[in-house]
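Asker: Encoded as structure tokens, here's the structure I'll be asking about.
Numbering (this note's numbering), first residue to last: 15 to 108.
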């Protein structure tokens with residue numbers, strides 16, 4: 015096998031800030047539509063929000079879909095603060 019080149023340069027300033035503030039980034043990327051089981055993900059995020067050992071974990075959602083607004087409202091309603099929504103990210107930011 016050959017060498018694998020990884021460019022760890024982060025261009026997006028908001029992503030840089032996230033990487034400094036949080037130890038773990040959990041990323042959901044793709045469609046947030048009818049066929050995706052977003053409830054399982056959201057229930058996990060809501061469950062973890064008040065547990066001390068998960069305070070330095072952030073959930074990032076990228077992409078779009080018919081459930082996006084519903085997902086945002088559910089997170090807000092449940093007072094979840096450790097999440098961010100982005101549209102599409104550049105390769106370096108992934």
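C-beta atoms are modelled at their ideal positions from N, C-alpha and C, and glycine is treated no differently. Here the structure is a predicted model, which is why all the values come from computation and not from measurement.
How many Å lie between residue 96 and residue 23 at the Cα?
Answerer: Between residue 96 and residue 23, the C-alpha separation is close to 23 Å.
Asker: Output the boundary residues of the alpha helix (DSSP H) element that contains residue 69.
Answerer: Where residue 69 is concerned, there is no enclosing alpha helix (DSSP H), given that its DSSP letter is neither H nor E.
Asker: For residue 122, collect the residues of the same chain with a Cβ closer than 8 Å to its Cβ; drop the 5 residues on either side in sequence, then sort them by chain order.
Answerer: Lying outside 15 to 108, the shown extent of the chain, residue 122 is not represented and no answer is given.
Asker: How is residue 54 classed by DSSP in three states: helix, strand or coil?
Answerer: In the structure shown, residue 54 sits in a helix (DSSP, three-state: H, G or I).
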